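A short write-up of the structure that comes next.
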Amino acid sequence: MTVEIANIVGSGDLGVELDLEALEGDLSTPYLEYDPSNYHGLYVRLEEGGPLITVYRSGKYIISGCPSEEVLRKTNDGFLRALAELGITDEAQQTGFTVQNVVCTAMLNEMVSLNALSIGLGLEVTEYEPEQFPGLVYRPEGIGAVLLVFANGKLVITGAKDAETAEVAYNHLQSKVQELV
DNA sequence: TAGCCGGATTCTTATATATTGAATCGAT
DNA sequence: ATCGATTCAATATATAAGAATCCGGCTA
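Heads up, this note's numbering is the position in the first sequence plus 3, with the first residue counted as 1.
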């Protein structure tokens, strides 16, 4: 697998209004952070260094920092179980949990200069200002993802709704680069 | 003036440059 | 002990997405 997942973000809705202050006191995990003067969301981690769950008063929440879809699913299950144990939500409360963003890293087989690449891909779909940021930003049309290309051939693919889309974006760029070599 | 709309806020993660700040080092 | 110097660590730069609340600015 040449395209590796670095981070996955997902969101869901508990369908219940929450008292974040009370929730902070009730949750058994010690990895909590709630400071309304700094940010209105309650930060929850089920384990140290694990994925971050940002919970809002509305009952909606975000999970970020997952290295795989498996971890994302487990984190969501664990969070829902913890809330069910507190009697805040029903056992089988469905949240319509959705993956919102998949961030991946990859490496190109061939390399071309970023200047040549920006022209080859099209100036309308690329942004390359090395004095502002060392990577070239590529927004391919028709593919729901954005790619960052670096001079050494390393890539960051972000904005994809799933791993398959990131894979498609990678293959697309790889073939484009192949044409330019 | 009220209300609405848009932008920044917070966080995560990989990536790579420049710059800043801090910290330690040899030397005085 | 203190001063230039060197080295390292950290931050900003840019990308995406979700969430809600803040702010400013604009219009009615």
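Every residue, glycine too, gets a C-beta built ideally from N, C-alpha and C. Keep in mind that this is a model prediction, so the values were computed, not measured.
Cβ shell of residue i (< 7 angstroms), same chain only, five flanking positions each side left out
i	result
Thr-129	Ser-121, Leu-139, Val-140, Tyr-141
Asn-112	Gln-177
Ala-172	Pro-143, Ile-146, Ala-148, Leu-150, Ile-160, Ala-163
Burial state of residue i, where buried means 16 or more other Cβ atoms lie within 10 Å
i	result
Pro-137	exposed
Gly-147	exposed
Gly-125	exposed
Tyr-42	exposed
Asn-79	buried
Where the alpha helix (DSSP H) containing residue i begins and where it ends
i	result
Ala-172	166 to 183
Glu-27	23 to 29
Distance cut-off 8 angstroms: residue i Cβ against heavy atoms of the ligand ATP
i	result
Lys-164	This structure simply doesn't include the ligand ATP, nor any ligand for that matter.
Where the beta strand (DSSP E) through residue i begins and ends
i	result
Ser-14	7 to 16
Gly-162	157 to 163
Ala-87	Unbroken run through Ala-87 is the alpha helix (DSSP H), 72 to 88; no beta strand (DSSP E).
Asn-41	Asn-41 -> no beta strand (DSSP E), and no H or E assigned at all.
Among the options, the one whose alpha carbon lies nearest that of residue i
i	options	result
Cys-107	Asp-93, Leu-83, Glu-170, Phe-82	Glu-170
Asp-16	Glu-27, Val-47, Phe-100	Phe-100
Ile-66	Asn-104, Ser-40, Asn-155, Val-180	Asn-104
Thr-98	Leu-117, Glu-134, His-43, Lys-63	Lys-63
Determine, using beta-carbon pairs with one atom in the segment 81 to 89 and one in the segment 15 to 35, whether at least three such pairs fall under 8 angstroms.
-> In short, these stretches touch, since the Cβ pair count reaches three.
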